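Numbering (our numbering), first residue to last: 123 to 367. Positions of the beta carbon are idealized from the N, C-alpha and C atoms, including for glycine. Quick caveat: nothing in here was measured; it's all calculated off a predicted structure. What follows is a single structure, written as structure tokens, with notes after it.
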Amino acid sequence: MSFFQAVGSLDKTDPAPLYMQIKKRVREAITNRAFETDDAIPAERELATEMNVSRLTIRKAIDGLVAEGLLTRRRGAGTFIANRVEKSFSKLSSFTEDMISRGLRPHSKWLSKSEGSVTPEEALSLSLSPGTLVYRFQRIRYANDLTMALEYSTIPSYCLKSLDAVQESLYAALEHTGNRPVRALQRLRAVLFNSEQADILGINVRDAGLFIERRGFLADGRTAEFTQSYYRGDAYDLVAELNDV
Ligand code: 16G
123 MSFFQAVGSL DKTDPAPLYM QIKKRVREAI TNRAFETDDA IPAERELATE
173 MNVSRLTIRK AIDGLVAEGL LTRRRGAGTF IANRVEKSFS KLSSFTEDMI
223 SRGLRPHSKW LSKSEGSVTP EEALSLSLSP GTLVYRFQRI RYANDLTMAL
273 EYSTIPSYCL KSLDAVQESL YAALEHTGNR PVRALQRLRA VLFNSEQADI
323 LGINVRDAGL FIERRGFLAD GRTAEFTQSY YRGDAYDLVA ELNDV
């Protein structure tokens, strides 16, 4: 599909400023995966002619999309689709925050919510004594309407008011009770999605994924979360800033 087909023509009766309309169209096309990562977008002059707007308008729209991280400019080469979420591996951010900071709308679908005593395996992962009550949350995570990840969280009940305290964001609920983790250990490995996961995410069996396990801790050292996330490999780049020791 050509860039202009994917983006469509502008609605001149729409009262929103033209650069905002262009941003919205391009953002939608990107999140609907109409382009391949690294596809070049047409030059400013061509965009201005085809869309019948000034080059200044085009530049303003592109600047905004670059700032959102959806497009990248490469000196001397042009502007390209940066179709992946750059997720910092060194920040203790939440899915909701990661999406909002990119101008995407986070959304989740519940697979299940339950409470019960820790299983022996969870007791080990969370360093809890047998019999402790935990809440379990299983969610499909979306950016706009696109699946991004599958997430399975186990939270000790001392961190939340109730099972229903978690609505859209787990971290918002933890923060509400002063129990947002302040430190975490993360483990990452490459996985291939099995057929059940692929079905849920609407992708192909054996597509590549990133499995990230996070153990989050409170300031006093108690465990606040144990979450296993399966992120779509085609949607994420993990980025970390490294400093000399
Ligand atoms: C992120 C975290 C996950 C956390 C979730 C909370 C990673 C690898 N994982 O996905 O541990 O439970 O955010 O998101 O970053 P929420 O506040 O939007 O529910």
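- For threonine 276, the enclosing beta strand (DSSP E) stretches over residues 268-278.
- The nearest non-hydrogen atom of the ligand 16G is less than 7 Å from the C-beta of isoleucine 334.
- The beta carbon of glutamine 308 sits closer than 7 Å to at least one heavy atom of the ligand 16G.
- Taking non-hydrogen atoms of the ligand 16G into account, the C-beta of proline 228 is found less than 7 Å away from one of them.
- In its chain, beyond the 5 residues on either side, Ala320 have a beta carbon closer than 7 Å to the beta carbon of asparagine 326.
- Just measuring C-alpha positions, the residue of Arg344, Arg177, Phe157 and Arg149 sitting nearest leucine 248 is Arg344.
- Straight across, the Cα-Cα distance linking phenylalanine 157 with isoleucine 144 is about 16 Å.
- With respect to isoleucine 180, alanine 189 sits apart: the two C-beta atoms are not nearer than 8 Å.
- Per the DSSP secondary-structure output, phenylalanine 259 pairs in a beta bridge with Lys235 and Ser275.
- Assignment of isoleucine 325 by DSSP, reduced to helix, strand and coil, places it in the coil class.
- Counting along the chain, alanine 346 sits inside the beta strand (DSSP E) bounded by residues 345-354.
- A distance of 8 Å or more separates the beta carbons of arginine 263 and phenylalanine 333.
- Assigned with DSSP and collapsed to three states, leucine 364 falls in coil, not helix or strand.
- Pairing leucine 193 with alanine 204 gives a Cβ-Cβ distance under 8 Å.
- Looking only at Leu364, Pro228 and Ile152, the smallest Cα-Cα distance to serine 291 is reached by Pro228.
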